[in-house]
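Enquirer: In the working numbering, the protein residues as written are 1406 to 1495.
This is the structure, below, for whatever I ask next.
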C-alpha cells in the first residue's frame, strides 16, 4: 500500500484543547514547529484515523486544523480543506 507524507497544522483557541491536540500529535508525529507536525510514510487510513481523533478533540466552530499531503518532496500549493473534507491539495 502506498505511503505518503502529510503536514498537519493547527490553530486552537482554547488552551485545554490546544494541550490535548499537541499531546496527541506528539505521540503520533514529528513536530517541526510549534503548531506544525509532519507525518512521514503514512498510509491514507492512518491519516484518516488521526483526523477522526482530532475531530473528537477540537471545536470546529472555534478551531482550525489543516492536513496537507506533501507531493514530490515538496508541498503543492492549492486549496486547503478542513477536516470535514478530504485534505489533499491539488
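Backbone N, C-alpha and C fix where the C-beta goes; we use that ideal spot for every residue, glycine too.
Counting pairs of Cβ atoms below 8 Å between the segment 1410-1425 and the segment 1463-1477, do you hit three or more?
Expert: The segment 1410-1425, when compared against the segment 1463-1477, does touch it at the 8 Å Cβ threshold.
Enquirer: Determine the closest residue to residue 1377 out of 1408, 1409, 1417, with distance taken between C-alpha atoms.
Expert: Nothing in the structure corresponds to residue 1377, since the chain is present only between 1406 and 1495.
Enquirer: Do residue 1407 and residue 1474 have their beta-carbon atoms positioned less than 9 Å apart in this structure?
Expert: Numbered from its first residue, the chain shown carries residue 1474 at position 69. Numbered from its first residue, the chain shown carries residue 1407 at position 2. Cβ distance not < 9 Å, so residue 1474 and residue 1407 don't count as in contact.
Enquirer: Short of 7 Å in beta carbon distance, which residues of its chain neighbour residue 1442, apart from the five on each side in sequence? Order them along the chain.
Expert: Taking the chain shown and counting its residues from 1, the one referred to as residue 1442 is at position 37. For residue 1442, where only same-chain residues beyond five positions count, the Cβ hits under 7 Å are 1413, 1430, 1434, 1435, 1436.
Enquirer: Cα separation between residue 1432 and residue 1476?
Expert: Locating residue 1432 in the chain shown gives position 27, counting from the first residue. Locating residue 1476 in the chain shown gives position 71, counting from the first residue. Taking the straight line joining both Cα atoms gives about 24 Å.
Enquirer: What do you reckon, are the CB atoms on residue 1427 and residue 1440 nearer than 9 Å?
Expert: Counting from 1 along the chain shown, the entry for residue 1427 is found at position 22. Counting from 1 along the chain shown, the entry for residue 1440 is found at position 35. Contact flag set, yes.
Enquirer: Give me the Cα-Cα distance between residue 1422 and residue 1458, rounded to the nearest whole angstrom.
Expert: Start at 1 with the first residue of the chain shown, and residue 1422 comes out as number 17. Start at 1 with the first residue of the chain shown, and residue 1458 comes out as number 53. Roughly 12 Å separates the two Cα atoms.
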